[in-house]
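Peer 1: Here's a structure for you.
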Amino acid sequence: MQVYSLRMRFATKALRVGQELDPQYRSVIPPLYQSATFGWEDLDHIPKFDYTRCGNPNRHMLEEVIASLENGKHCVLFASGMAAIVASLSLLQHGDHVLIASDIYGGTFRVGEKLLPRQGIQVGEFDAHRPCSITEAVQPNTKIVLFETPTNPNLKVSDIAAVVKVAKEHGLIVIFDNTFASPALQNPLDLGCDIVVHSTTKYISGHSDVIGGAIITNDDEIHTAIYDWNKAVGAVPSPFDCWLTLRGVKTLGCRMKTHCTNAQAVAEFLADHPRVKHVHYPGLATHPDHAVARKQMTAFGGMLAFDVDGTTAQARKVCESTGVFLLAESLGGVESLIAYPPLMSHATMTEEQRVAKGIPPTLLRLSIGVEDVEDLIEDLDTALKLGFA
Ligand SMILES: Cc1ncc(COP(=O)(O)O)c(C=O)c1O
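When you line the sequence shown up against the numbering used here, it's residues 933 to 1321, in that order.
Okay, here's the thing in structure tokens:
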């Protein structure tokens, strides 16, 4: 029975869209089509899937559900979030100019600094907090703006609709990285963005066991260009990675609720801690962007960062002293992680560049998982004591 309906709500869509019962045995969970190629009946009938670089049933199911969760028409999946970001920038040609937000994930910064200029593409910066900075930086050859919010690692929140408004006054394509919030908390296509990219490695798959990426759009022409690019390049996820990600996405709605309530409690605990100088979490009423976050997000997310009120050595020791929080890169999984941006997500930047972007060497980033929040708080309390011992 076809249950697909636009009226379904988020958690139901995550469980049902694109996921019909297996036609052969009616298995509730889709089989894994771990096959590079598919047989043709004859030359008059081209099969729906013929070769896995071009398409695969497991990939197709996941594309349908992710498109629907972002309120989008199309989705193309990639082997990583970075492959998706680079694919979205493949809309640029030699001689074009792109504006990338100054506060952006380190890997995206690396693409703007190292990869695009080699292809004859000019790269400029803008401040997504000040949408008028697009007008200040735009050139006759500017084609795209790319930004994200909340930002990594200092959780600034910019007004998505306001950035889109200025970008559209200049006829620019707007690409938005929605990895940090996930489609459970905000849907940037609804706010006028042209392209949403995700690292599905993070909240969408949610279990730190797969690397993947996605591009979602409502624009047929953009979709065709992105699909053709991926078919040509072959930056596709494996069927098993899609199967795992589909299993993860089913619980995105309920996982995000726990990530958010846990993060709020941890942020409030840290905000009152004598060894903490500053907590960056948009759910705190004292956060400068709290009102914007409240306007465009359904909750404030599972990511936060805090500045240790001490030396770099003390901050590093705090980072190395947790037990429940694992010292590791990445985010968005069910387990809590603590990260040190200068050696992890923002290692590409020089110390000078990091400080200019508000990433001092005492800043620690947390990805809050779904453990019992009392354990998370006790763990941080102990680590803060050990860090200053
Ligand atoms: C906001 C953001 N976008 C993109 C990426 C890249 O994703 P991936 O590691 O899946 O390539 C990351 C990775 O941490 C990220 O944090």
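Here a beta-carbon is modelled for each residue, glycine too, at the ideal position from N, C-alpha and C.
Just to confirm the assignment, what range does the alpha helix (DSSP H) spanning residue 1038 have?
Peer 2: If you number the sequence shown from 1, residue 1038 lands on position 106. First-last of the alpha helix (DSSP H) with residue 1038: 1038-1042.
Peer 1: Tell me whether residue 1111, by its Cβ, gets closer than 7 Å to a heavy atom of ligand 1.
Peer 2: One-based indexing of the sequence shown puts residue 1111 at position 179. Checking every heavy atom of ligand 1 against the Cβ of residue 1111, one is found closer than 7 Å.
Peer 1: Return the CA-CA distance between residue 962 and residue 990, expressed in angstroms with no decimal places.
Peer 2: Here the question's residue 962 lines up with position 30 in the sequence shown. Here the question's residue 990 lines up with position 58 in the sequence shown. Cα to Cα, residue 962 sits roughly 8 Å from residue 990.
Peer 1: With distances taken between CB atoms, is the gap from residue 1033 to residue 975 smaller than 8 Å?
Peer 2: One-based indexing of the sequence shown puts residue 1033 at position 101. One-based indexing of the sequence shown puts residue 975 at position 43. Contact flag unset, no.
Peer 1: Say the cut is 7 Å; is the CB of residue 1265 nearer than that to a heavy atom of ligand 1?
Peer 2: Counted from its first residue, the sequence shown places residue 1265 at position 333. Incorrect: residue 1265 has no Cβ contact closer than 7 Å to ligand 1.
Peer 1: Tell me which same chain residues have a C-beta within less than 6 Å of the C-beta of residue 1081, skipping the five on either side of it?
Peer 2: Counted from its first residue, the sequence shown places residue 1081 at position 149. Here the set comprises 1089, 1090.
Peer 1: Within the present structure, is the beta-carbon of residue 1080 separated from the nearest heavy atom of ligand 1 by less than 7 Å?
Peer 2: Position 148 of the sequence shown holds residue 1080. True, at least one ligand heavy atom lies under 7 Å from that Cβ.
Peer 1: I need the DSSP call for residue 1080, collapsed to helix, strand or coil.
Peer 2: For the purposes of this step, residue 1080 is identified with residue 148 of the sequence shown, where counting begins at 1. Strand at residue 1080.
Peer 1: Report the option in 1169, 1060, 1024 whose CA atom is closest to the CA atom of residue 1050.
Peer 2: Reading the sequence shown from its first residue, position 118 is the one you call residue 1050. Closest option to residue 1050, Cα to Cα, is 1024.
Peer 1: Which residues in the same chain have their Cβ closer than 8 Å to the Cβ of residue 1230, if we skip the five residues on either side of it in sequence?
Peer 2: In the sequence shown, counting from the first residue as 1, residue 1230 sits at position 298. Correct list, in chain order: 1116, 1117, 1118.
Peer 1: Tell me which same chain residues have a C-beta within less than 7 Å of the C-beta of residue 1112, skipping the five on either side of it?
Peer 2: If you number the sequence shown from 1, residue 1112 lands on position 180. Excluding sequence neighbours, residue 1112 sits near 1080, 1082, 1084, 1233, 1235.
Peer 1: Taking only the alpha-carbon atoms, compute the straight-line gap between residue 1039 and residue 1110 and give it to the nearest angstrom.
Peer 2: Counting from one through the sequence shown, the residue named residue 1039 turns up at place 107. Counting from one through the sequence shown, the residue named residue 1110 turns up at place 178. Going from the Cα of residue 1039 to the Cα of residue 1110 covers about 15 Å.
Peer 1: Within 10 angstroms of the Cβ of residue 1026, are there 16 or more other Cβ atoms? Answer buried if so, exposed if not.
Peer 2: Taking the sequence shown and counting its residues from 1, one reaches residue 1026 at position 94. Under this definition residue 1026 is an exposed residue.
Peer 1: Secondary structure at residue 935, three-state DSSP: helix, strand or coil?
Peer 2: Position 3 of the sequence shown holds residue 935. Legend: pLDDT at residue 935 = 49, less than 50; position of this residue unreliable, no value from coordinates given.
Peer 1: In whole angstroms, what is the alpha-carbon distance linking residue 1192 and residue 1074?
Peer 2: For the purposes of this step, residue 1192 is taken as the residue at position 260 of the sequence shown. For the purposes of this step, residue 1074 is taken as the residue at position 142 of the sequence shown. Spanning the two alpha carbons is a distance of roughly 37 Å.
Peer 1: Taking 7 Å as the cut-off, is the C-beta of residue 1162 nearer than that to any heavy atom in ligand 1?
Peer 2: Position 230 of the sequence shown holds residue 1162. No.
Peer 1: Skipping 5 residues on each side, what residues in its chain have a beta carbon closer than 8 Å to that of residue 964?
Peer 2: Walking along the sequence shown from the start, residue 964 turns up at place 32. Closer than 8 Å at Cβ, skipping near neighbours: 990, 1171, 1172, 1175.
Peer 1: Please classify residue 966 as buried or exposed, where buried requires at least 16 other C-beta atoms within 10 Å of its C-beta.
Peer 2: What you label residue 966 is simply residue 34 of the sequence shown in a count that begins at 1. Result: exposed.
Peer 1: So, under 8 Å CB-CB, residue 1291 and residue 1273 are touching, yes? Tell me the CB distance rounded to an integer number of Å.
Peer 2: By one-based count along the sequence shown, residue 1291 stands at place 359. By one-based count along the sequence shown, residue 1273 stands at place 341. Yes, they are in contact, since the Cβ atoms of residue 1291 and residue 1273 sit about 5 Å apart, within 8 Å.
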